[in-house]
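As structure tokens, the structure follows; a few thoughts come after it.
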Amino acid sequence: APQIPSQFSPGERFAMKEALKGAIQIPTVSFSPENLNTTALAQFGEYLQTVFPTIFKTSFIQHEVIGEYSHLLTVRGSDPSLQPYMLMAHSDVVPAPEEGWEVPPFSGLERDGFIHGRGTVDNKNSLMAILQALELLLNRNYIP
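First residue of the sequence shown? That's 140 in the numbering used here, and the numbers climb one at a time after it.
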């Protein structure tokens, strides 16, 4: 894949890729009561707190767990008169039988510049990108 110019350091880019790979490796299947991996959903919540420590320890960010496995982060801005905004993504995926996949669906394998696995384009990519952006901004002393 072609290299896109980046304002991120090589270390930051590596950490972002590894975080997405790790997210893909957690089989957060939630399709029906028969196909519901509650262990993985709980593990994913713990994973987010490990990968994005600054978000979860910042005093102006409130973290709530809703319905056991959903996470709501409220970022309180420095100007309370402004309207808030919401960024949203989901972490659950549909079941992925091994047949039909070139790589195991929960491998997070990187090949030819692409990360493969269930959730890479729906929707763990968006979830991880949103949290990566917030984590990096906070680490660069940004205050909303």
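No residue lacks a Cβ here, since even glycine has one placed at the ideal position from N, Cα and C. Owing to the predicted nature of the structure, the values given are computational and were not obtained by experimental measurement.
Buried or exposed by the 16-neighbour rule on C-beta atoms within 10 Å, applied to residue i
i: Gly150; result: exposed
i: Val204; result: exposed
i: Val190; result: buried
i: Gln271; result: buried
Distance, residue j Cα to residue i Cα
i: Asp231; j: Pro192; result: 22 Å
i: Arg215; j: Val168; result: 31 Å
i: Asn262; j: Thr197; result: 25 Å
i: Ala154; j: Leu187; result: 13 Å
i: Gln222; j: Trp240; result: 44 Å
For residue i: DSSP bridge partner residues
i: Val260; result: Paired residues: none, contrary to the question.
i: Ser171; result: Asn174
i: Leu212; result: His202
Three-state secondary structure assigned by DSSP to residue i
i: Pro152; result: Correcting the residue type first, residue 152 is Arg in the shown sequence and not Pro. Note: Arg152 maps to helix in three-state DSSP.
i: Ile269; result: helix
i: Gln146; result: coil
i: Val242; result: coil
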